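Right, one structure below, let's go through it.
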Amino acid sequence: MSKYVPDISTRRWVVISPQRLGRPEEYLKTHKPNKINCPFCGGHENETPPEVFRLGGGEQDKPGWKVRVVPNKFSITDIHEVIIHSPDHEKDIEILPIDQVVLIFSAYRQRYNIYRKRGQVLIFCNHGEHAGSSLAHPHSQLVVIPNQINLDTLVREPLNNIVEDNKLFHVYCPDFSQWPYEVWILPKNEGNFFGDTTDVEIHELAILVVKMLRRLSHIYQQHTISNLLFGYNYYFYHKENWYLRIIPRFIHRAGFELGTGLYVNVVDPMEAALELKGVERKMISVLKKLKKF
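Below you can see the structure in the form of structure tokens.
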């Protein structure tokens with residue numbers, strides 16, 4: 001069982017979860033994909049707790065699935081699930097076909113709606129070693145947190161630095177961006193929870209997420225600021241007026257941020273938006289000057 005401990009003065013909470021100590025750390029052993037011992041690969045269904053949901057064919061806990069959901073053996077909260085993106089050990093959302101990504105996001109919606117009356121449902125993905133992933137096989141996670149726990153999560157930021165704008169979604173880099181090149185995707189249909197998204201919105205959202213992750217990966221490779229593979233996090237805001245926040249791990253956080261709670265962003269969000277649009281960096285300074293007039 002997990003335990004929630006409050007800081008009375010700030011109304012912030014910590015979760016005491018000793019069971020997390022036993023989780024596997026694949027990255028400590030190798031930086032190469034290890035399909036042989038991976039419990040999330042097809043054919044290894046008996047190595048996870050019994051599945052609670054799947055999309056695709058086949059019998060429960062047998063091969064044939066396309067997306068599979070199982071309880072997390074090393075849970076943070078009392079309800080904690082793993083959404084396995086596909087049987088493929090190496091391909092993640094930025095590489096998978098759109099139809100497969102649509103299935104992943106459809107599984108998110110289904111699991112969100114299963115638990116939305118039982119607490120605050122947070123769906124998140126850690127991709128890469130320095131983004132907090134302990135297993136290389138692409139997956140996301142879902143946790144349910146009691147309603148009485150105050151979550152220190154950002155509400156929607158004002159629209160600035162638009163990257164894309166279509167009939168259903170805004171894609172932008174908020175002025176308040178805490179991380180270089182962070183991207184927010186939010187629906188134009190306001191007042192809804194993520195569980196209320198339509199099939200059409202799910203499909204368009206999948207397209208946008210894949211597009212943004214591919215562009216971010218390209219930028220990461222161009223800047224060559226780390227010898228680690230491209231990593232990122234994303235999560236869905238759990239309350240009304242939901243959004244999807246993508247945080248590429250271009251940098252690590254250090255003592256200043258941890259000690260002050262102030263984030264240092266080394267990339268102007270306006271320049272990040274222009275680069276994500278495909279504008280060459282040599283033009284960004286010119287456009288920035290023109291914006292003043």
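Read in order, the letters of the sequence shown are residues 1 to 293 in our numbering.
Each residue gets a CB set at the ideal place from its N, CA and C atoms; glycine is no exception.
This one's a predicted model, so the numbers in the text were calculated from it and none came from an experiment.
Roughly how many angstroms separate the alpha carbons of residue i and residue j, rounded to a whole number?
{"i": "residue 279", "j": "residue 63", "result": "45 Å"}
{"i": "residue 157", "j": "residue 173", "result": "9 Å"}
{"i": "residue 30", "j": "residue 36", "result": "Reliability of the predicted coordinates at residue 30 is poor, the pLDDT of 47 falling under 50, and the value obtained from them is presented with this limitation in mind. About 13 Å."}
{"i": "residue 207", "j": "residue 65", "result": "22 Å"}
{"i": "residue 10", "j": "residue 43", "result": "48 Å"}
{"i": "residue 228", "j": "residue 112", "result": "32 Å"}
{"i": "residue 202", "j": "residue 15", "result": "32 Å"}
{"i": "residue 245", "j": "residue 182", "result": "7 Å"}
{"i": "residue 141", "j": "residue 76", "result": "10 Å"}
{"i": "residue 200", "j": "residue 110", "result": "15 Å"}
{"i": "residue 159", "j": "residue 268", "result": "15 Å"}
{"i": "residue 198", "j": "residue 188", "result": "13 Å"}
{"i": "residue 144", "j": "residue 176", "result": "27 Å"}
{"i": "residue 116", "j": "residue 191", "result": "16 Å"}
{"i": "residue 270", "j": "residue 98", "result": "28 Å"}
{"i": "residue 254", "j": "residue 180", "result": "15 Å"}
{"i": "residue 259", "j": "residue 161", "result": "29 Å"}
{"i": "residue 154", "j": "residue 236", "result": "11 Å"}
{"i": "residue 13", "j": "residue 114", "result": "25 Å"}
{"i": "residue 38", "j": "residue 57", "result": "21 Å"}
{"i": "residue 195", "j": "residue 221", "result": "35 Å"}
One question on the structure: do residue i and residue j come within less than 8 Å of each other, judged by their Cβ atoms?
{"i": "residue 103", "j": "residue 69", "result": "no"}
{"i": "residue 193", "j": "residue 242", "result": "yes"}
{"i": "residue 47", "j": "residue 61", "result": "no"}
{"i": "residue 256", "j": "residue 135", "result": "no"}
{"i": "residue 276", "j": "residue 101", "result": "no"}
{"i": "residue 4", "j": "residue 123", "result": "no"}
{"i": "residue 120", "j": "residue 218", "result": "no"}
{"i": "residue 234", "j": "residue 178", "result": "no"}
{"i": "residue 86", "j": "residue 96", "result": "yes"}
{"i": "residue 231", "j": "residue 249", "result": "yes"}
{"i": "residue 299", "j": "residue 93", "result": "Only positions 1 to 293 of the chain appear in this structure, which leaves residue 299 out of reach."}
On the CB-based measure, 16 or more other CB atoms within 10 Å of its CB, does residue i come out buried or exposed?
{"i": "residue 272", "result": "buried"}
{"i": "residue 293", "result": "The predicted position of residue 293 is uncertain, since its pLDDT is 40 and thus under 50; a value taken from the coordinates is nonetheless stated next. Exposed: under 16 other Cβ atoms inside 10 Å."}
{"i": "residue 72", "result": "buried"}
{"i": "residue 266", "result": "exposed"}
{"i": "residue 80", "result": "buried"}
{"i": "residue 118", "result": "exposed"}
{"i": "residue 152", "result": "exposed"}
{"i": "residue 49", "result": "exposed"}
{"i": "residue 367", "result": "There is no way to answer for residue 367, as the model of the chain reaches only from 1 to 293."}
{"i": "residue 274", "result": "buried"}
{"i": "residue 146", "result": "exposed"}
{"i": "residue 83", "result": "buried"}
{"i": "residue 8", "result": "exposed"}
{"i": "residue 59", "result": "exposed"}
{"i": "residue 204", "result": "buried"}
Which residues in the same chain as residue i place their Cβ atom closer than 6 Å to its Cβ, once the five residues preceding and following it in sequence are excluded?
{"i": "residue 27", "result": "Interpretation of residue 27 is limited by its pLDDT of 49, a score under 50 that renders its predicted location unreliable; no figure is taken from the coordinates."}
{"i": "residue 33", "result": "In this predicted model, residue 33 has a pLDDT of only 48, less than 50, meaning its place in the structure is not dependable; the value taken from the coordinates is given anyway. Within the same chain, residue 33 has close Cβ partners 89, 90, 136."}
{"i": "residue 54", "result": "65, 68"}
{"i": "residue 166", "result": "none"}
{"i": "residue 185", "result": "169, 171, 208, 244"}
{"i": "residue 17", "result": "2, 76"}
{"i": "residue 108", "result": "123"}
So, does the CB of residue i fall closer than 8 Å to a CB anywhere in chain B?
{"i": "residue 242", "result": "Any reference to chain B falls outside this structure, which holds one protein chain only."}
Where DSSP assigns a beta bridge to residue i, which residues make up the other side?
{"i": "residue 147", "result": "Beta-bridge pairing links residue 147 to no other residue."}
{"i": "residue 218", "result": "DSSP output for residue 218 lists no bridge partner at all."}
{"i": "residue 249", "result": "In the DSSP output, where bridge partners are listed per residue, residue 249 has none listed."}
{"i": "residue 13", "result": "6"}
{"i": "residue 55", "result": "67"}
{"i": "residue 187", "result": "169"}
{"i": "residue 75", "result": "Residue 75 is not bridged to any residue."}
{"i": "residue 125", "result": "234"}
{"i": "residue 80", "result": "143"}
{"i": "residue 164", "result": "171"}
Please go through the same chain and pick out, in chain order, the residues whose beta-carbon is closer than 7 Å to the beta-carbon of residue i, but skip the five residues on each side of it.
{"i": "residue 78", "result": "1, 2"}
{"i": "residue 215", "result": "276"}
{"i": "residue 139", "result": "40, 82, 83, 84, 85"}
{"i": "residue 6", "result": "13"}
Return the chain-ordered list of same chain residues with a C-beta closer than 8 Å to the C-beta of residue i, the five sequence neighbours on each side being excluded.
{"i": "residue 132", "result": "126, 233"}
{"i": "residue 212", "result": "163, 171, 183, 185, 246, 276"}
{"i": "residue 240", "result": "191, 192, 193"}
{"i": "residue 223", "result": "250"}
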